[in-house]
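Written out below as structure tokens is the structure these notes cover.
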């Protein structure tokens, strides 16, 4: 766009075809020069690995000796391996535990902050602090909080007259505890995006609705939520993609246990590749995870596109 | 009128109460960990977990440093995260400018190829990356940690490109008439106007690299290049019940990022939110 303006400005007085063409060639040359490093990184460390992963899924490889071609054996194994389905279900359960809770809490906080008030900048800074915490360190801290019987959480529960469960050794509670790390970490960050969305809604819409005699609840469901869809879409898509890739907290807190109750897909893939040395099978499992994430993302795109007037350009 | 004002004040109080609780929950783990790091081992559980570290003791840190090369971990992580952040800032700015402002054949399909790759989960690339790095005999070196991420990410390019598009094109057109080349425009016009987004990109990159566990776990195995995440995770495995070693280590892992964030927060809080909008 700007290049065109510049081009028109410089070549207008002596508008010859060949000068315009050489100008265009120079721009293209410059563009690819600027893009070269990123393009190299993109091809070598993103596109090539994605191609390799599909090739690798047809091989059996122990990370050391050279890979052996096995055809579709890894795929057949994946569909009959009950542990892979279990890991997929665990991952879905983890996503369901943290996404709705974190989104609702973030929306509440965003609504609370969406007004002219003292200290709103201060609160925004405070709420973003959890986002940058190292999940590995949080695993250590949450282990301390949820220490059975003498941890802070169980101590608090006993003050109320109840006995807390053995959180991390319970197949029922281990996953919710791990999800709580993520909820703590991403609620404030999610809130920032929703707040920006709320602030982009023109005040006149609300004024017009108030004149029409609507109450606050109606305004929330008929105006705020529909007009917040672009932000909600972004937040859900990115948070869900992230949640499907849970690894760090599981690795530090439970190593997938007790039993297999917190073995997420990423953790199972890591185990297969780097503990059991089934790298070819792990590659196949990572394709399954990719497919699931792609599917879930497409479903969200379709759901939101039908209901949103939104320019993606 | 009067009842309405009272109603609004009650409403205001509830809002502040909600925000205060949220704020407290957000910072409590940081404060409790920092506090615990300076307390003797016997006072870290049950009733005493809440008590302030008075008098504060450095002995936990001394013990941690005696048993573990924490300084090494921090130095390694700082090198890796620093190099990746600087590389991403430079290369992402260049690529984003080309996508935002230069007209060249193949621009649209290339841009969409970058966007499409944003959906690829990290683990998909990691096993092939391990294959590539072992072929190049780079496993267990800094280069294995740095190379895959130093050239930028599709997300970063998308972020900066969107921001560049909001900068009026007239400025550049004027500069071009005055004979400025692309490089000069990038340095003298785009960069000064893009400080908020570049601060954001720098923070996101540094935070992500500092905190990342999975790739360093796969790609490193010796003390000469191990990073903080791998070190703290190993500590947790080794000293699972020795909180007076673990909690100071967690504090050391967490606090540098908080410090950096507070330094840049003016830019970041604003533009993190902007990245979610178009």
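Protein chains in written order, with my numbering: chain A, 1 to 313; chain B, 314 to 591.
Positions of the beta carbon are idealized from the N, C-alpha and C atoms, including for glycine.
In this text the structure is predicted, and so the values were computed from the model without any measurement.
Item to check | Residues of its chain near residue 233(A), where Cβ-Cβ distance is below 6 Å and the 5 sequence neighbours each way are ignored | outcome: Looking up residue 233(A) in the first chain gives position 233. So the list reads 304, once near-sequence residues are dropped.
Item to check | Buried versus exposed, by CB contacts within 10 Å (16 or more), residue 389(B) | outcome: Here residue 389(B) refers to the residue found at position 76 of the second chain. Residue 389(B) is buried by the Cβ-count criterion.
Next on the checklist: Just to make sure I have the definition right: I need the residues of chain A whose C-beta is within less than 8 Å of the C-beta of residue 438(B). Which are they?
Outcome noted: The count along the second chain starts at 1 and reaches residue 438(B) at position 125. Per Cβ cutoff of 8 Å: 45, 46, 49, 50 and 53.
Next on the checklist: With H, G and I counted as helix, E and B as strand and the rest as coil, what does DSSP make of residue 57(A)?
Outcome noted: Numbered from its first residue, the first chain carries residue 57(A) at position 57. Note: residue 57(A) maps to coil in three-state DSSP.
Next on the checklist: Considering just the uninterrupted stretch of the alpha helix (DSSP H) at residue 458(B), what are its terminal residues?
Outcome noted: Within the second chain, numbered from 1, the residue matching residue 458(B) stands at position 145. Taken as a continuous stretch (DSSP letters only), the alpha helix (DSSP H) holding residue 458(B) covers 455-463.
Checklist entry - Apart from the five residues just before and just after residue 490(B), which ones in its own chain have a Cβ nearer than 6 Å to its Cβ? => result Residue numbering aside, residue 490(B) sits at position 177 when the second chain is read from its first letter. Closer than 6 Å at the Cβ level, and outside the excluded window around residue 490(B), lies no residue.
Checklist entry - Are the Cβ atoms of residue 427(B) and residue 461(B) separated by less than 8 Å? => result If you number the second chain from 1, residue 427(B) lands on position 114. If you number the second chain from 1, residue 461(B) lands on position 148. The answer is no: Cβ separation not under 8 Å.
Checklist entry - Since residue 459(B) contacts residue 393(B) with CB under 8 Å, what's their CB separation in whole angstroms? => result As a first step, residue 459(B) must be located in the second chain, where it is residue number 146. As a first step, residue 393(B) must be located in the second chain, where it is residue number 80. The C-beta separation of residue 459(B) from residue 393(B) comes to about 6 Å, placing the pair in contact by the 8 Å criterion.
Item to check | Residue closest to residue 166(A), alpha-carbon to alpha-carbon, out of 160(A), 187(A), 101(A) and 144(A) | outcome: Here residue 166(A) is taken as the residue at index 166 of the first chain, counted from 1. Among 160(A), 187(A), 101(A) and 144(A), the Cα nearest to that of residue 166(A) belongs to 144(A).
Checklist entry - Apart from the five residues just before and just after residue 529(B), which ones in its own chain have a Cβ nearer than 7 Å to its Cβ? => result Taking the first residue of the second chain as 1, we reach residue 529(B) at position 216. Apart from the 5 residues on each side of it in sequence, residue 529(B) sits with its Cβ closer than 7 Å to the Cβ of 458, 540, 542 and 543 in its chain, given in chain order.
Checklist entry - Are the region 206-220 of chain A and the region 140-159 of chain A touching, with three or more C-beta to C-beta distances below 8 Å? => result No: the two stretches stay apart, fewer than three of their Cβ pairs being nearer than 8 Å.
Item to check | residue 47(A): first and last residue of the uninterrupted alpha helix (DSSP H) it sits in | outcome: Within the first chain, the letter at position 47 stands for residue 47(A). Unbroken run through residue 47(A): none, as it is neither H nor E.
Item to check | Bounding residues of the alpha helix (DSSP H) (the contiguous stretch that carries residue 387(B)) | outcome: Taking the first residue of the second chain as position 1, residue 387(B) is located at position 74. For residue 387(B), the uninterrupted alpha helix (DSSP H) segment begins and ends at 383-414.
Next on the checklist: Give me, in chain order, the residues of the same chain whose beta-carbon lies closer than 7 Å to that of residue 146(A); leave out the 5 immediate sequence neighbours on both sides.
Outcome noted: Position 146 of the first chain holds residue 146(A). The answer, listed in chain order, is 153, 167, 168 and 177.
Checklist entry - Counting contacts by CB-CB distance shorter than 8 Å, is residue 66(A) in contact with chain C? => result As a matter of chain content, chain C is missing from the structure shown, whose protein chains are A and B.
Checklist entry - Hey, how far is the Cα of residue 464(B) from the Cα of residue 32(A)? => result The residue given as residue 464(B) occupies position 151 in the second chain. The residue given as residue 32(A) occupies position 32 in the first chain. Pairing residue 464(B) with residue 32(A), the inter-Cα distance amounts to about 15 Å.
Checklist entry - Exposed or buried, residue 448(B), counting other C-beta atoms within 10 Å across all chains shown (16 or more means buried)? => result Numbered from 1 along the second chain, position 135 holds the residue referred to as residue 448(B). It is exposed - the Cβ of residue 448(B) has fewer than 16 other Cβ atoms within 10 Å.
Checklist entry - Is the Cβ-Cβ distance between residue 236(A) and residue 103(A) less than 8 Å? => result Counted from its first residue, the first chain places residue 236(A) at position 236. Counted from its first residue, the first chain places residue 103(A) at position 103. Contact: yes.
Next on the checklist: With a threshold of 8 Å between beta-carbons, can residue 503(B) be considered close to chain A, or not?
Outcome noted: Taking the second chain and counting its residues from 1, the one referred to as residue 503(B) is at position 190. Among the CB atoms of chain A, none fall inside 8 Å of the CB of residue 503(B).
Checklist entry - Which ranges does the alpha helix (DSSP H) cover as unbroken runs of at least 4 residues, wholly within the region 518-554 of chain B, from first to last along the chain? => result Unbroken alpha helix (DSSP H) stretches of 4 residues or longer found wholly inside the region 518-554 of chain B: 527-532 and 541-551, given in chain order.
Checklist entry - Mind pulling the chain A residues with CB within less than 8 Å of residue 527(B)? => result As a working note, residue 527(B) is residue 214 in the second chain. Residues of chain A passing the Cβ test: 247, 248, 266 and 270.
Checklist entry - In chain A, which residues lie less than 8 Å from residue 404(B) when you measure between Cβ atoms? => result The sequence position of residue 404(B) within the second chain is 91, counting from 1. Result: 37, 38 and 41.
Checklist entry - Along the region 114-135 of chain A, what residues have a CB closer than 7 Å to any CB found in chain B? => result Cβ contacts with chain B: 123, 124, 125, 126, 127, 128, 129, 130, 132, 133, 134 and 135.
Checklist entry - I think residue 365(B) touches residue 348(B), with their Cβ atoms under 8 Å apart; what is that distance to the nearest whole Å? => result Along the second chain, one-based indexing puts residue 365(B) at 52. Along the second chain, one-based indexing puts residue 348(B) at 35. Indeed they touch by this definition, with Cβ atoms about 6 Å apart.
Checklist entry - Shorter than 8 Å from the beta carbon of residue 86(A) to some beta carbon of chain B? => result What you label residue 86(A) is simply residue 86 of the first chain in a count that begins at 1. Taking Cβ atoms only, chain B never reaches closer than 8 Å to residue 86(A), which makes this a no.
Next on the checklist: With a threshold of 8 Å between beta-carbons, can residue 152(A) be considered close to chain B, or not?
Outcome noted: The count along the first chain starts at 1 and reaches residue 152(A) at position 152. Yes, because at least one Cβ of chain B sits closer than 8 Å to the Cβ of residue 152(A).
Next on the checklist: Quick check on the burial criterion: 16 or more other C-beta atoms within 10 angstroms. Buried or exposed for residue 352(B)?
Outcome noted: As a first step, residue 352(B) must be located in the second chain, where it is residue number 39. Counting the other CB atoms within 10 Å of its CB gives residue 352(B) a total of 16 or more, which places it among the buried residues.
Next on the checklist: Under 8 Å, Cβ to Cβ, is there at least one residue of chain B near residue 297(A)?
Outcome noted: For this step, residue 297(A) is matched to residue 297 along the first chain. Chain B, which has a Cβ nearer than 8 Å to the Cβ of residue 297(A), makes this yes.
Item to check | residue 478(B) (DSSP reduced to helix, strand or coil) | outcome: By one-based count along the second chain, residue 478(B) stands at place 165. Collapsing the DSSP output to three states places residue 478(B) in coil.
Checklist entry - For residue 312(A), is the classification buried or exposed, using 16 other Cβ atoms within 10 angstroms of its Cβ as the cut-off for buried? => result Here residue 312(A) refers to the residue found at position 312 of the first chain. With a pLDDT of 38 at residue 312(A), under the threshold of 50, the modelled position of this residue cannot be trusted; read the value that follows with caution. Residue 312(A) should be labelled exposed.
Next on the checklist: Under DSSP, the alpha helix (DSSP H) around residue 173(A) begins and ends at which residues?
Outcome noted: In the first chain, the residue the question calls residue 173(A) occupies position 173. Per DSSP, residue 173(A) is not a residue of any alpha helix (DSSP H), being assigned neither H nor E.
Next on the checklist: Going by beta-carbon coordinates alone, are residue 569(B) and residue 373(B) separated by less than 8 Å?
Outcome noted: Counting from 1 along the second chain, the entry for residue 569(B) is found at position 256. Counting from 1 along the second chain, the entry for residue 373(B) is found at position 60. Between residue 569(B) and residue 373(B), the gap from beta carbon to beta carbon reaches 8 Å or more.
Checklist entry - So, does the CB of residue 476(B) fall closer than 8 Å to a CB anywhere in chain A? => result If you number the second chain from 1, residue 476(B) lands on position 163. Chain A contact via Cβ: absent.
Next on the checklist: Among 58(A), 119(A) and 151(A), whose alpha-carbon lies nearest the alpha-carbon of residue 554(B)?
Outcome noted: Position 241 of the second chain, counted from the first residue, corresponds to residue 554(B). Nearest C-alpha to residue 554(B) among 58(A), 119(A) and 151(A): 151(A).
Item to check | Cross-chain neighbours of residue 144(A) in chain B, by beta carbon under 9 Å | outcome: Along the first chain, read from residue 1 onward, the residue named residue 144(A) stands at position 144. For residue 144(A), the chain B residues whose C-beta falls within less than 9 Å of its own C-beta are 345, 346, 349, 357, 358, 362, 556, 559, 560 and 563, listed in chain order.
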